[in-house]
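Participant: Let me begin by handing over the structure; questions about it come next.
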Amino acid sequence: MEKAQRDDLRDCLVVQDQKGFKESSNGTEVGNQISSLFGEEGILNCCVAYNVGLPEAKIFSGPSSEQFGYAVQQFINPEGNWLLVGSPWSGFPENRMGDVYKCPVDLSTTTCEKLNLQTSTSISNVTEMKTNMSLGLTLTRNVGTGGFLTCGPLWAQQCGSQFYTTGLCSDVSPNFQLLTSFSPAVQTCPSLIDVVVVCDESNSIYPWDAVKNFLEKFVQGLDIGPTKTQVGLIQYANYPRVVFNLNTFKTKDEMIKATSQTSQYGGDLTNTFKAIQYARCPLEPSHLKGCWPVAIMRSTVQGGDNFQMEMSQVGFSADYSPQNDILMLGAVGAYDWSGTVVQQTPHGHLIFPKQAFDQILQDRNHSSYLGYSVASISTGTSVHFVAGAPRANYTGQIVLYSVNESGNITVIQSHRGDQIGSYFGSVLCAVDVDKDTITDVLLVGAPMYMNDLKKEEGRVYLFIITKGVLNWHQFLEGPEGVENARFGSAIAALSDINMDGFNDVIVGSPLENQNSGAVYIYNGHEGTIRLRYSQKILGSDGAFRSHLQYFGRSLDGYGDLNGDSITDVSVGAFGQVIQLWSQSIADVSVVASFTPEKITLLNKNAEINLKLCFSAKFRPAKQNNQVAIVYNITIDADQYSSRVTSRGLFKENNERCLQKTMIVNQAQSCSEYIIHIQEPSDVVSSLDLCVNISLENPGTNPALEAYSETVKVFSIPFYKDCGDDGVCISDLVLDVQQLPAAQQQPFIVSNQNKRLTFSVTLKNKKESAYNSGIVVDFSENLFFASWSMPVDGTEVTCQIASSQKSVTCNVGYPALKREQQVTFTINFDFNLQNLQNQASVSFQALSESYEENQADNSVNFKLSLLYDAEIHITRSTNINFYEVSSDGNIPSIVNNFEDIGPKFIFSIKVTTGSVPVSMASVIIHIPQYTKGKNPVMYLTGVHTDQAGDISCKAEINPLKIGQTSSSVSFKSENFRHVKELNCRTASCSNVTCWLKDLQVKGEYFLNVSTRIWNGTFAVSTFQTVQLTAAAEIDTYNPQIYAIEENTVTIPITIMKPHEKAQVPTGVIVGSAIAGILLLLALVAILWKLGFFKRKYEKMTKNPDEIDETTELNS
């Protein structure tokens, strides 16, 4: 059981200012702050009743000024049954030491007795301060010893004039005797020392006010006096100087005043070593001759001046592991109020270091309050632990982690709240719903969550636990949100209060209904918790006969306190605790029979004899159990709103409704009635009879089962005219086709393709089929969307079942005639909150007629599915090409990144859509070495803005360049035949990044910094080559999700313009051969045209003939 760990009392106990973490010293002011939260009693009554009874509630009262009722715990020992009540301000106003009360449940008295643990609780050999320790703030059941644990987180250890609120816890035996007290964070007080502060006052220090603030804060933490710690101050720049000696000031106030008045002389040098040497002698006191005083040197105001476990407040929360061998203790004040968790085992205690949770919390402001709430979960093979940090990142955070045998922590996962200031993680409750010793759900309270009306409505998150991993499921339904309620301020597991085999949960809402408060009960079911509450109890209910305030601030429901085998509920309020007694449960069933079984209209005065029989099953099962019920019978109930006249009336009162009472037990009890049938206009629809069952006296024992039907409908059919034999023999033929016909497999579900459409054709080949229809069953990952009317006007009506898993379509009312065929479409949408790799849809044709051939009455579809993850991956680079340097200067020794070559920085952008994807991985392939073992790209950094949501694994700067020198050498390679240097033509290294808790429609960036090895390309032969990295993304569930384009390349073009082009020998030979062939072809063509023949004829002619011919032609 996880008690209420977040209300205004805890705000008063945990106060933070700029100087550190402290408790409030003004008890009256705190009391007034709490009193101002209470309003007048509301007038609402309990709106939902199940099996927690109110009339016989037992109310114990205590001093409200002492915060009686802040914590409550059921307790059973050989002496009887008790309520343990925490009163953390017991002793107010003189002190707030706190204590625990015991209240006898078995006796008639309503007074409680203080255990006076505050006087016996103590730590030996320690100077302690118990004045405000607030014992009773934490109460935890110790199943192992049969006793209990209580803690006072403001118990303080005195060291000199300093008080360290380390916290204290005490184990108490079953007979209320203190067994032991322990304080894991208690420490040995430091011995007295003399301190010389050596402070840099040179011109490099600015502003000086920050130095004075540091000195003042430093002095405040010391126990200063002539016989205690003494402080001296030396300031230096060019030369050191004494500001004041060790014995100059006698009191802390004088010292603080002196440090606030220090001034800065300035100087252009910072002679630190000379100042330290100077500090050894001038300030050495006479009583320390021969000794070396401790010197603290400060040239800046930053450093390790933070608290560790001195203000840890161990015991602010507590929880025993399922095996009861490990005690978790929250320590919200540890490490400057970042907080931590302390584990107590039979072998001792384990305090986790600040570094254990540093990375996951990212607590820059030292105020996460880790350990505000704690819980442990069992996976069956191991135990995991959960700690809440309600102020982490301002939204709140929970951290799931494991601890190995060496005491080392492994953070498994974390979840953050949705809203700043909601205090997400302030309350934790782990529940084993099905009682198999494996934790099934984790409930996380965010009691200060504001709704749209700016009211602190509160919210409770439900996480399903699968193999030790938290998966957010939904929110519990709570208040209406019209006022401040702080729903979720307290959450507790109930030990199967309704006896259905599943453990349950109760949630407190202490400010609801004008601060009178309320509690909500949620029942377990099949490994989870129902989101809708089964019972709401208001603190203003008249059954309490008392003015309750803050009802629901603490809760418990561990066991049975009155011997009736039913878990009882205990609720804390302001100054009171209320013991509620749970009731047995009656599951009433009713059956009806009719004589005759069908209605015939041959006789105008037709009558039907109705016989109703009631019986009940009781939890727990006992002899002589009985329940008084009232039942209402209504004829034509489904048509009540549309029919003016019912088709049947009870003969007893000539009305369509009848109310009766009955005492029901395990055996059947029956009553008979006569129904007169009037002349009906509708002989197709059956005459429905509705029976509504309720308790005769609401609120009495037993209660009616909330999850069984209290409304039952029975139908009386009409005889139909189906020929001489009175039997309608139909032959329905069902044909269903998925649209469009050419669908790819698997079916890809996306925002543009999230509808599943079927064309349904129903044909009747024989006699009329009355009340014909089609029942469509579909898987949980589908929603029924709509249907279309047939083009021929035949009536088709579809109605979704209450289970939301099937739909019934009536076709051709009142009957589908012979050879009639009806075609319509039915549409389904995919449920993106329930992703499965397969969808099933089953169609079944039915009618009230006799069906000869049922083989063609059903069609089944099973579709393989993939969901478009709507994840897109893109890239951008700082440069697109690089020209290799031609100066010939290739360094063989690399001292810094500039010696490698140019920067090549690229950014990978991952964009998500509206599909919820919990986790994805990005793998970036970076070419590292050529086939000749020459380096190509050198990884210098991987950065992301979403440090909490993205984690990467990569070998960055493996040569430690910048820290040490590295020698490199390069071999000449020929890249002329290589178009691209990628992971196929070179060896690559990988950068693997995991993106978790992906937000819908979010953007994530991975920035990768590399250097291109200039030497490799400078000594190699090529003109242009493309160097290509690549990135690919995938989800952690590829059987569900599909990514359309999951790979992106990241190219850069490397150019070497001064490289001479080399013409291959093959090109030269080929060109020569081609030239010769071209010449031969040309000669052949000229020969063919007779070019050479004409010239020859000219040459054989006489020159005189040539002249004659010329003259004639002219």
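Going by our numbering, the first residue of the sequence shown is number 599, and it counts up by one from there.
Ideal Cβ positions, reconstructed from N, Cα and C, are used throughout, including at glycine.
What you are looking at is a predicted structure, and each value in this text was computed from that prediction instead of being measured.
By a C-beta neighbour count over all protein chains shown, 10 Å radius and 16 as the cutoff for buried, is Asp1102 buried or exposed?
Facilitator: buried
Participant: Along the chain, where does the alpha helix (DSSP H) that runs through Val1617 open and close?
Facilitator: Asn1612 to Val1617
Participant: Anyone know if the C-beta pair for Leu1074 and Tyr1120 falls short of 8 Å?
Facilitator: Pairing Leu1074 with Tyr1120 gives a Cβ-Cβ distance under 8 Å.
Participant: Can Pro686 and Gln665 be called in contact, C-beta distance under 8 Å?
Facilitator: Between Pro686 and Gln665, the C-beta gap is smaller than 8 Å, which places the two residues in contact.
Participant: Compute the Euclidean distance between the alpha carbons of Arg971 and Asp961, then round it to the nearest angstrom.
Facilitator: Looking at the sequence itself, residue 971 is Ser, so the reference to Arg does not match. The alpha-carbon atoms of Ser971 and Asp961 are separated by roughly 17 Å.
Participant: Relative to the C-alpha of Tyr1639, which candidate in Leu1433, Lys1577, Ala1437 and Cys1550 has its C-alpha closest?
Facilitator: Leu1433
Participant: With a floor of 3 residues, list each beta strand (DSSP E) that falls wholly inside the region 1450-1482, ordered by position along the chain.
Facilitator: 1456-1466, 1470-1475 and 1479-1481
Participant: List in chain order: all unbroken beta strand (DSSP E) runs of 3+ residues lying wholly within the region 1506-1573.
Facilitator: Within the region 1506-1573, the complete beta strand (DSSP E) segments of 3 residues or longer fall at 1517-1527, 1535-1541 and 1548-1551, listed in chain order.
Participant: Rounded to the nearest angstrom, how far is the Cβ of Gln1177 from that of Ala1214, given a contact under 8 Å?
Facilitator: Wrong, their Cβ atoms sit about 28 Å apart, outside the cutoff.
Participant: Going by DSSP in three states, Asp1034 sits in which element: helix, strand or coil?
Facilitator: coil
Participant: Which residue or residues does DSSP assign as beta-bridge partners of Thr1395?
Facilitator: Asn1408
Participant: What number of angstroms, rounded off, separates the C-alpha of Ser1563 from the C-alpha of Ala754?
Facilitator: C-alpha separation (whole angstroms): 54 Å.
Participant: Apply the 10 Å Cβ neighbour rule to Asn1379 and answer buried if 16 or more other Cβ atoms are within range, or exposed otherwise.
Facilitator: buried
Participant: Using DSSP bridges, identify the partner residues of Pro1338.
Facilitator: Per DSSP, none; premise fails for Pro1338.
Participant: Mapping DSSP to helix, strand and coil, what is Glu664?
Facilitator: Correct three-state label for Glu664: helix.
Participant: Do you know offhand how far Asn714's Cα is from Met1260's?
Facilitator: 54 Å
Participant: Is it a yes or a no for the region 1586-1601 touching the region 1474-1492, going by three-plus beta-carbon pairs under 8 Å?
Facilitator: no
Participant: I'd like to check one pair, Val912 with Thr764: are the Cβ atoms closer than 8 Å?
Facilitator: yes
Participant: Per the DSSP calculation, Met727 is bridged to which residue(s)?
Facilitator: Ala754
Participant: DSSP three-state call for Lys1209: helix, strand or coil?
Facilitator: strand
Participant: Give every residue of the same chain whose Cβ lies closer than 8 Å to the Cβ of Asn1572, excluding the five residues on either side of it in the sequence, and list them in chain order.
Facilitator: Ser1618, Thr1619 and Phe1620
Participant: With 16 other CB atoms within 10 Å as the buried threshold, where does Phe1689 fall?
Facilitator: exposed
Participant: Closest to Ser980 by C-alpha separation, out of Leu927, Asp934, Gln953 and Thr1035, would be which residue?
Facilitator: Thr1035
Participant: From the DSSP secondary-structure annotation, give me the bridge partner or partners of Ile1089.
Facilitator: Ile1089 pairs with Val1105.
Participant: Quick check: the Cα distance between Ile854 and Leu844, rounded to an integer number of angstroms?
Facilitator: 14 Å
Participant: From this set, Asn1458, Gln1436 and Arg1416, which residue's C-alpha is nearest Pro558's C-alpha?
Facilitator: The chain is shown from 599 up to 1712; residue 558 falls before or after that span and cannot be answered.
Participant: Note down the Cα distance separating Gln756 from Ser720, rounded to an integer number of angstroms.
Facilitator: 13 Å
Participant: Among Thr1392, Asn1369, Ala1226 and Phe1426, which has the Cα closest to the Cα of Ser1382?
Facilitator: First, the amino acid is wrong: residue 1382 is Phe here, not Ser. Looking at Thr1392, Asn1369, Ala1226 and Phe1426, the one whose alpha-carbon comes closest to that of Phe1382 is Phe1426.
Participant: List the residues that DSSP assigns as beta-bridge partners of Pro702.
Facilitator: Trp680
Participant: Taking DSSP's pairing of strands, which residues face Leu747 in a bridge?
Facilitator: Thr738 and Asp769
Participant: For Trp680 and Ser722, I'd like the C-alpha separation in whole angstroms.
Facilitator: 31 Å
Participant: What would DSSP say about Trp1179, mapped onto helix, strand or coil?
Facilitator: For Trp1179, the secondary structure class from DSSP, reduced to helix, strand or coil, is coil.
Participant: Which term fits Lys656, buried or exposed, when burial requires 16 or more other beta carbons within 10 angstroms of its beta carbon?
Facilitator: buried
Participant: How would you label Gly1076, buried or exposed, when you count the other beta carbons within 10 angstroms and need 16 or more for buried?
Facilitator: buried
Participant: Let's see if you can read the secondary structure: which residues bound the beta strand (DSSP E) around Gln875?
Facilitator: Element bounds for Gln875: not the beta strand (DSSP E) but the alpha helix (DSSP H), Thr870 to Ala877.
Participant: Between the C-alpha atoms of Gln1257 and Leu735, what's the straight-line distance to the nearest angstrom?
Facilitator: 53 Å
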